[in-house]
Structure formats: C-alpha cells, structure tokens
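Residue numbers (the numbering used here): 49 to 255. First comes the structure, then the notes that go with it.
In structure tokens:
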C-alpha cells in the first residue's frame with residue numbers, strides 16, 4: 049500500500065521550493081550582505097576593449113573582511129597585490145617595485161569592490177536593481193549615483209546567496225569579467241592578511 053504525505057506538509061514543501069527557485073538577485077545579495085562578514089575565493093578575469101582585441105586574461109585569489117578590508121592577489125600572468133586595510137588602499141606592482149597608496153574611503157566608496165567588501169549602506173552610492181537570470185545565475189545591476197565615477201555599471205551573478213560572477217563596464221568601453229570559484233563564506237582569516245608594509249626599496253607613490 050502506497051503511503052501519502054500529509055497535505056499540509058506537501059504544501060509547505062511546495063512553498064519552500066518555490067521560494068528557493070524564485071529568490072531574486074537582489075534578495076540573494078541582501079542575504080550575502082547580512083550573513084557574510086568574511087569570504088575568500090579564487091577568480092579568473094578577462095578584460096575586453098571596444099576595439100575587439102584579444103581579452104587580457106589573469107587569475108588569482110581574494111579575501112575580504114567587511115567592511116572595507118580586502119586582499120586581491122593576481123598570480124598569473126603577472127603578480128600584483130591590492131590590499132585595503134580599512135584606512136588605506138595599497139597597490140603593489142612587483143615588476144616595477146612600485147607601491148601606490150590612497151585613502152580607502154575615497155577609493156572604495158562607489159567602486160565595484162564596495163559591492164562585496166563595503167558596508168550595508170550601499171544604496172547611498174548605488175542604484176541596485178534586479179537584472180534577470182542568465183546561465184543559472186540571478187543577476188543584479190548596480191550603477192553609481194556619483195557622476196564622476198570611473199565605471200558605467202556592475203553586474204553580479206548569484207547562486208545559493210553567493211556571488212559567482214561579476215562584470216564591470218567602465219566609461220571607456222572596457223569590460224572586465226570575473227568568475228569566482230571555491231567561494232567560502234565566513235572563513236577564519238588572520239588579521240595580518242589585510243596589513244601591508246611596502247617592501248624595502250620600493251617606490252611609494254601617493255598619500
């Protein structure tokens with residue numbers, strides 16, 4: 049004799065499945081912001097220009113501790129390190145032995161990095177809307193409210209409340225696409241990961 053589930057239970061399961069399936073990009077983004085204090089992942093990046101040249105490809109890892117601390121490491125094809133320590137933004141170009149530094153507030157504010165590593169008050173700097181679905185991801189689109197920003201829009205694709213992709217289109221027609229993998233939510237990260245000391249002999253430019 050075939051057993052049947054109680055109708056009430058079936059109804060609850062159906063509603064739960066519908067909620068999972070219909071979670072919009074903005075809903076998943078809000079969950080990410082409210083449940084994620086730290087994260088780390090691998091990324092691959094391609095940069096395309098309006099001219100149609102072959103995209104520039106790179107890959108590496110990143111880690112963040114919200115708000116305002118992050119470490120972005122390019123391993124291939126050339127090493128470059130970008131560190132936000134909560135107060136300053138450091139960019140180390142190993143080949144040139146050069147470090148540039150600026151105040152993090154003005155550098156982060158309405159930048160694409162703020163969408164992942166900034167605080168929860170993002171509506172202050174961005175218009176954020178749902179942008180439909182693509183390849184199994186729910187998308188959001190963010191446009192900066194400031195007129196003097198250096199990018200036109202950012203799209204982030206979410207799955208299971210975690211960012212899986214990011215696309216940044218700047219004001220010069222260049223598009224940067226990032227794919228994230230091995231994304232970890234709330235790993236234990238050493239505080240020293242977000243500290244940077246310029247290497248001895250490096251040329252330091254900026255504040």
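C-beta atoms are modelled at their ideal positions from N, C-alpha and C, and glycine is treated no differently.
Query: Have a look at residue 229 and residue 107 and give me their C-alpha separation to the nearest angstrom.; Result: 11 Å
Query: Go ahead and label residue 212 buried or exposed: buried means 16 or more other beta carbons lie within 10 angstroms of its beta carbon, across all protein chains shown.; Result: buried
Query: CA-CA distance, residue 124 and residue 118?; Result: 19 Å
Query: Taking the continuous beta strand (DSSP E) assigned at residue 73, which residues delimit it?; Result: Element bounds for residue 73: not the beta strand (DSSP E) but the alpha helix (DSSP H), 73–83.
Query: Return the first residue and the last residue of the beta strand (DSSP E) that residue 207 is part of.; Result: 199–207
Query: Once DSSP output is grouped into helix, strand and coil, what is the label at residue 211?; Result: strand
Query: Out of 131, 145, 143, 141, which has the shortest C-alpha to C-alpha gap to residue 151?; Result: 131
Query: Check residue 165 in the structure and name its three-state DSSP category.; Result: helix
Query: Specify the secondary structure class of residue 116 as computed by DSSP and reduced to three states.; Result: coil
Query: Tell me whether the beta-carbon of residue 203 lies closer than 9 Å to the beta-carbon of residue 194.; Result: no
Query: Using three-state DSSP, classify residue 183 as helix, strand or coil.; Result: coil
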